[in-house]
Amino acid sequence: MLNSMRTGGNGVRGWLTREVNVRTFTPVTRGLALAPSWIRAYQRSNLRPDLAAGLTIGAMLVPQGMAYALLAGLPPEIGLYASTLPLLAYALFGTSRQLAVGPVAIVSLLTASALAPLYEQGSVGYISAAALLALLVGVVHLVLGFGRLGFIVNFLSHSVLVGFTAAAAIIIGFSQVKHILGVSIPRTEHFHETVRELAAALGDTHPTTLAIGAGSVTLLLVLKRIARRVPGALVVVITATVIVSIADLASEGVATVGSIPDSLPALSMPELSGGAIGDLLPTALVITLVGFMESIAVAKVYARRHRYEVEANRELIALGASNVTAGLFGGYPVTGGFSRTAVNDSAGARTPLASVITAAIVLVTIAVLTPLFENLPKAALGAIIIVAVINLVDIAEMRHIAAVKRTDLVGLGVAFLATLVLGIEVGIGIAVVASMLVVFARMSKPHDAVLGRIPGTTSWRNLERFPDAETIPGIDVVRIDAAMSFVNAQHVKRLLTDRAARLAVEPRALVLDCSGINDIDATGAETLSEILADIDDSPVTLHLCDVKGPVRDVLRRAGLWQRLEGRIQATAHQAVEVITGDADPAPGDLRAAGLEERHV
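Residue 9 is where the sequence shown starts when you use our numbering, and the numbers rise one by one after that.
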């Protein structure tokens, strides 16, 4: 029996079902059946790497959680609360094995941007509103997930996200410079105002605080280069706290986090009021969009690397559960983070058990170790944030985007400048609009090609790419590579009528290759009817070829299929043969000719 326990193909559950009377252990087997799939199939060989990864991320998340809470304008313990039970919620519902969920820089800044105009930072109302915001973010995630609406996040293109993230990283970095300098400046709405206030306050720099902040940044960068596996944030926190404690630097004006409550997160419902919900809902939508884009992007990277799949709608549900949990247990919005996930993977995480261990580490820290952080200087936390967001300004990715598709730099640049000049929330709105405008701009002028026949074949290809292809005088074969819709209908009309007007010799025929047209809307059908009427009034004959099923259906309903009878062929080659008289324009068996998928 012991040997069966060790070697059973299905782990503990398989041993129970084979070796033990299942009726005797019904509660156990039922519990296993309800458990997440990674628990049911857990292999003992994964325990050691998961344990190592959990301890590593726990050591990293404690100082990061406090630092990001500071960025959000919250007491440090709120960051720790957001780093505990939300991780367990994601482990229960998520599909990524390596994703490290918790507070992140951009979401923290968005939280501060939403709450600062409404409440005094650090007040009870501010803390309660942060929890309410997490609850709203969770509800939005859940609505999208259960409604299978994950595609909505695609409104923010990758290039626009890179621009937005880079600008947000710069804003975040400058927001922490005051802690490095040891100066106090008023909160501002815009980046240029922050820079102006910092410049005005340079004369008040606290030398000791500056030394601690600069030293922390230097130590973090050095450790990142020479010892990537070492939790640099934890080393900086311990070192800075020890120095401040021994030298009693707090009495000399070095700002510290002060007393941190050692109470564990407790269940409490944030105050729900229509006014507060109305004020916070737009930010909740923005956090959902940005947070999920960040989370799903990094989850997919490591899923590809380890050869498994992440499911977008289930990820929405898992992140929704995490944020609802954060809202109910005194935290603030969370999502999956780039840097911690990378560390989680490099430390060996193979299953979500690593996140469970991380949550346990943070809970132990809250219960036992918080008195040790009383002398933690805010300059060290500011340094942790600055170093964490440096990599978010991804110059290499910008160069890659420019090399792949130069026009994508337009959306990237608009998102970057709008966010930097107008602020995070306005910037993300403009970024979404910029993404959609770029798409509409491409759709409004789709790619088109004049085709020629490859010698010795029946294949017709783009003359620009195949200059040796043959053309036939008096016949133009044109291909449109986009759905025909209200966005581009007039452009297509001008293109085709201009091509038809240029035909000066017999047989004067224009063939529209529809192989690139996968859809056509009512406006497109009406415009095609106008094109047909204009060309029929001229000496030119219009033919269509390679019309896809969905487009055929629309043409029938619009009455165009009947008007074009005898002028719709299966391929460009067949259309040219019909025009030149080498083929029958109306074959008896449309199905056999490739013109109809069913007998009519």
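Even glycine gets a Cβ: it sits at the ideal position worked out from N, Cα and C.
Tell whether a beta-carbon distance below 8 Å holds between residue i and residue j.
| i | j | result |
| --- | --- | --- |
| Phe101 | Ala329 | yes |
| Ser303 | Leu327 | yes |
| Ser165 | Gly460 | no |
| Ile180 | Ala391 | no |
| Pro454 | Ala411 | no |
| Leu140 | Pro341 | no |
| Ala334 | Glu323 | no |
| Thr535 | Ala497 | yes |
| Ala619 | Ala355 | In the structure as shown, the chain starts at 9 and stops at 608, and residue 619 therefore has no counterpart that could be examined. |
| Gly557 | Met492 | no |
| Ile220 | Leu206 | no |
| Gly299 | Gly110 | no |
| Ala177 | Leu389 | no |
| Val397 | Leu229 | no |
| Val548 | Ala591 | no |
| Leu242 | Val70 | yes |
| Ala375 | Leu227 | no |
| Asn679 | Gln106 | A query on residue 679 cannot be resolved here, the shown segment of the chain reaching from 9 to 608 and no further. |
| Gln129 | Gly81 | yes |
| Val515 | Ile587 | First, the residue type needs correcting, since residue 515 is Pro and not Val in the sequence shown. Yes, Cβ-Cβ distance for Pro515 and Ile587 is below 8 Å. |
| Gly431 | His200 | no |
| Ala426 | Thr92 | no |
| Val168 | Phe182 | no |
| Asn321 | Gly158 | yes |
| Ala142 | Gly283 | no |
| Pro470 | Pro94 | Reading off the sequence shown, one finds Asn at residue 470, where the question assumed Pro. For Asn470 and Pro94, no; Cβs fall outside 8 Å. |
| Trp46 | Pro360 | yes |
| Ala175 | Asp402 | no |
| Val495 | Ser523 | no |
| Ser537 | Ala566 | yes |
Could you check how far apart the C-beta atoms of residue i and residue j are, in whole angstroms? I think they sit under 8 Å.
| i | j | result |
| --- | --- | --- |
| Phe424 | Gly171 | 4 Å |
| Ser363 | Ala108 | 7 Å |
| Ala449 | Val422 | No, Ala449 and Val422 are not in contact; Cβ-Cβ is about 12 Å, not under 8 Å. |
| Val513 | Pro481 | 5 Å |
| Met74 | Gly87 | 5 Å |
| Leu647 | Leu289 | Summary: the structure shown does not reach residue 647, with the chain confined to residues 9 through 608, and so no result is reported for it. |
| Arg505 | Asp542 | According to the sequence shown, residue 505 is Thr rather than Arg. Sure, about 6 Å apart at Cβ, within 8 Å. |
| Arg195 | Ala122 | Their Cβ separation, rounded to whole angstroms, is 13 Å, which puts Arg195 and Ala122 out of contact at 8 Å. |
| Leu153 | Ile325 | First, the residue type needs correcting, since residue 153 is Gly and not Leu in the sequence shown. Going by Cβ atoms, the distance from Gly153 to Ile325 rounds to 4 Å, so yes, they are a contact pair. |
| Pro57 | Ala357 | 7 Å |
| Gly240 | Lys232 | 6 Å |
| Pro269 | Glu85 | 5 Å |
| Glu433 | Thr291 | 7 Å |
| Asp456 | Leu503 | 6 Å |
For residue i, report the span of its alpha helix (DSSP H) as first-last.
| i | result |
| --- | --- |
| Gly460 | Careful: Gly460 lies outside any alpha helix (DSSP H), inside the beta strand (DSSP E) at 456–461. |
| Val418 | 416–430 |
| Asn352 | 346–354 |
| Asp506 | 497–510 |
| Val364 | 361–372 |
| Ala331 | Residue 331 is actually Asn in this sequence, not Ala. Start and end: 320–336. |
| Leu189 | 185–189 |
| Met406 | 403–412 |
| Ile160 | Run containing Ile160: none; DSSP gives neither H nor E here. |
| Ile47 | 45–48 |
| Gly390 | 386–398 |
List the endpoints of the continuous beta strand (DSSP E) containing residue i.
| i | result |
| --- | --- |
| His198 | It is not in any beta strand (DSSP E) - His198 carries neither H nor E in the DSSP assignment. |
| Val485 | 483–488 |
| Leu518 | 517–521 |
| Arg469 | 468–470 |
Do we get a CB-CB distance below 8 Å when we pair residue i with the residues of chain D?
| i | result |
| --- | --- |
| Asp590 | Given the protein chain composition of this structure (a single chain), no chain D is represented. |
Say whether the stretch 479–488 touches the stretch 518–527, bearing in mind that this needs 3 or more beta-carbon pairs closer than 8 Å, one atom from each stretch. With the cut-off at 8 Å, the stretch 479–488 and the stretch 518–527 touch.
Touch test, the stretch 104–115 against the stretch 147–160, Cβ-Cβ under 8 Å, three pairs minimum: Verdict: no, contact absent.
Are at least three pairs of beta-carbons, each pair with one atom in the stretch 382–396 and one in the stretch 243–251, less than 8 Å apart? Yes, since at least three Cβ pairs between the stretch 382–396 and the stretch 243–251 fall closer than 8 Å, the two stretches touch.
Alpha helix (DSSP H) segments (min. 4 residues) lying fully within the stretch 525–594: Within the stretch 525–594, the complete alpha helix (DSSP H) segments at least 4 residues long are 530–544, 557–565, 568–571, 580–588, listed from N- to C-terminus.
Whole alpha helix (DSSP H) runs in the stretch 50–102 with 4 or more residues, listed along the chain? Runs of alpha helix (DSSP H) with 4 or more residues, each lying fully within the stretch 50–102, are found at 55–79, 84–89, 93–101, listed in chain order.
Check whether the stretch 541–558 and the stretch 568–576 are in contact - that is, three or more C-beta pairs closer than 8 Å. Touching, yes, given that three or more Cβ pairs across the two stretches are closer than 8 Å.
Using 8 Å as the threshold, is the stretch 253–264 in touch with the stretch 208–218, meaning 3 or more CB pairs across them? Short answer: they touch.
Going residue by residue through the stretch 232–288, where are the continuous alpha helix (DSSP H) segments of at least 4 residues, counting only ones entirely within it? The alpha helix (DSSP H) runs of length 4 or more contained entirely in the stretch 232–288 are, from start to end of the chain, 240–255.
Which ranges does the alpha helix (DSSP H) cover as unbroken runs of at least 4 residues, wholly within the stretch 106–147, from first to last along the chain? Those alpha helix (DSSP H) runs which fall completely within the stretch 106–147 and span 4+ residues are 113–123.
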